[in-house]
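Right, one structure below, let's go through it.
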Amino acid sequence: MAALGDTIQQTHASLEAAGIPDARLEAELLLTSVLNVPRHRIYAFQEQELTPEEANLLEGLLERRLRREPLAYILGHKEMYGVDLTVGPGVMIPRPETELLVERCLFLGMMRMHEGEMVIAEAGTGSGGISINLAIHLPAARVYATELSEEALKIAETNIRMHNVQDRVTLLRGDLLVPVTEPVDLIVANLPYIPADRIATLQPEVQREPREALDGGPDGLDVIRRLLRQSLHKLKRTGVMVLEIDPEQAQPLTEDALALFPGAAISIEQDLASLDRVFVMELGGATA
Ligand SMILES: C[S@@+](CC[C@H](N)C(=O)[O-])C[C@H]1O[C@@H](n2cnc3c(N)ncnc32)[C@H](O)[C@@H]1O
85 MAALGDTIQQ THASLEAAGI PDARLEAELL LTSVLNVPRH RIYAFQEQEL TPEEANLLEG
145 LLERRLRREP LAYILGHKEM YGVDLTVGPG VMIPRPETEL LVERCLFLGM MRMHEGEMVI
205 AEAGTGSGGI SINLAIHLPA ARVYATELSE EALKIAETNI RMHNVQDRVT LLRGDLLVPV
265 TEPVDLIVAN LPYIPADRIA TLQPEVQREP REALDGGPDG LDVIRRLLRQ SLHKLKRTGV
325 MVLEIDPEQA QPLTEDALAL FPGAAISIEQ DLASLDRVFV MELGGATA
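Just so we're aligned, residue 85 is where the sequence shown starts under this note's numbering, counting upward by one.
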């Protein structure tokens with residue numbers, strides 16, 4: 085049986101040979117999962133050997149990863165904005181870009197804190213990360229989180245309970261804003277926005293994620309446009325909408341939004357790669 089230090093090296097080498105980026109980090113995370121210890125601890129036991137059970141477990145996890153199953157599905161969890169979320173096949177893995185939506189909503193929520201309770205709707209909640217973060221950080225917020233996928237609903241429910249926000253996050257099964265029965269101050273969504281013909285060109289790991297979490301139709305905007313139309317009847321006159329988008333969608337989405345909400349103030353924010361990523365529409369009483 086090899087010592088832990090050698091096992092890390094071998095795991096790293098196998099992942100690297102398969103062309104997996106961040107192979108060293110992934111090797112460490114697989115070992116961390118097998119040994120059930122924090123990552124820094126694996127370096128304290130370099131000379132220790134894995135038990136046969138641990139070695140078998142590692143082999144199984146490594147095989148799954150070499151078949152390009154996403155690491156987060158193998159580990160069973162992923163962090164979003166400091167909140168640990170259960171994830172698994174059937175739900176979209178939270179992405180770092182989506183933390184920008186959380187940040188923007190927290191800023192808006194804090195600016196409006198003096199106005200008392202804030203009602204928020206998140207359409208397409210997936211594993212629940214956006215809604216859970218908003219409930220944790222905005223004590224005056226009540227959040228409706230909608231979702232169509234049964235598997236995602238189950239995972240979101242687990243996460244909402246795990247973070248003990250079930251009193252302020254109401255999970256609703258249904259299409260976008262249809263199940264939301266009261267006007268809201270803030271609509272936030274990271275909906276499917278990838279143009280359908282681009283999906284086959286994405287990394288194999290991404291293609292293991294649910295199609296209904298990715299596919300936004302011919303130009304990627306089908307679902308977002310429906311959300312905009314539904315918002316006409318659900319967003320308060322002083323409301324705000326915050327959406328994650330593909331950089332190519334900033335211009336057409338702005339035009340569509342202004343056609344429906346003339347006078348709205350629209351801004352586009354960039355992600356860490358300087359790509360247009362967050363669409364923000366503030367009504368400020370300027371709409372129908
Ligand atoms: C891109 S994923 C994002 C999930 C989560 N908000 C996140 O950021 O990790 C989009 C989610 O929207 C859900 N979805 C797609 N169409 C929907 C619809 N018409 N109504 C409600 N949810 C929908 C998908 O099932 C998926 O969970």
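Ideal Cβ positions, reconstructed from N, Cα and C, are used throughout, including at glycine.
Being a predicted model, the structure only gives us computed values, none of them experimental.
Residue i - DSSP class collapsed to helix/strand/coil
i      : result
HIS96  : helix
VAL272 : strand
ILE308 : helix
ALA156 : helix
GLY103 : coil
ILE329 : coil
Neighbourhood of residue i by C-beta distance below 6 Å, restricted to the same chain and skipping five residues each side
i      : result
ARG123 : GLU112 and THR116
GLU353 : VAL362
GLU293 : MET176
Residue i CB to nearest heavy atom of ligand 1 below 7 Å
i      : result
GLU296 : yes
ALA236 : yes
PRO276 : yes
ASP360 : no
PRO178 : yes
ILE259 : Checking the displayed sequence, the identity of residue 259 turns out to be Asp instead of Ile. It does: the Cβ of ASP259 is within 7 Å (strictly closer) of some heavy atom of ligand 1.
ALA219 : no
ALA207 : yes
GLU138 : no
GLY193 : no
GLY172 : no
VAL264 : no
Extent of the continuous beta strand (DSSP E) run through residue i
i      : result
GLN354 : 349-354
GLY168 : First, the residue type needs correcting, since residue 168 is Asp and not Gly in the sequence shown. Segment 167-170, the beta strand (DSSP E) holding ASP168.
VAL186 : Note, VAL186: premise wrong, no beta strand (DSSP E); alpha helix (DSSP H) at 183-195.
Supposed contact pair residue j and residue i - C-beta distance, whole angstroms, cut 8 Å
i      : j      : result
ALA205 : ILE177 : Not quite, the Cβ-Cβ distance comes to about 23 Å (not below 8 Å), so this is no contact.
MET164 : GLY213 : 4 Å
ASN217 : VAL186 : 5 Å
Close-in-space but distant-in-sequence residues of the same chain around residue i (CB under 7 Å, 5 per side omitted)
i      : result
VAL304 : For the sequence presented, residue 304 should be read as Gly rather than Val. TYR277, ILE278, PRO279, ASP330 and GLN333, listed in sequence order.
VAL203 : ARG226, GLU266, VAL268 and ASP269
ALA107 : HIS96, LEU99 and GLU100
Residues near residue i in its chain [Cβ-Cβ closer than 8 Å; skip 5 each side]
i      : result
HIS161 : ASP168, LEU169, THR170 and VAL171
Check: residue i C-beta below 7 Å from any heavy atom of ligand 2
i      : result
GLY213 : Here the bound small molecules are ligand 1; ligand 2 is not part of this structure.
Extent of the continuous alpha helix (DSSP H) to which residue i belongs
i      : result
GLU147 : 136-150
LYS318 : No alpha helix (DSSP H) contains LYS318, which DSSP labels as neither H nor E.
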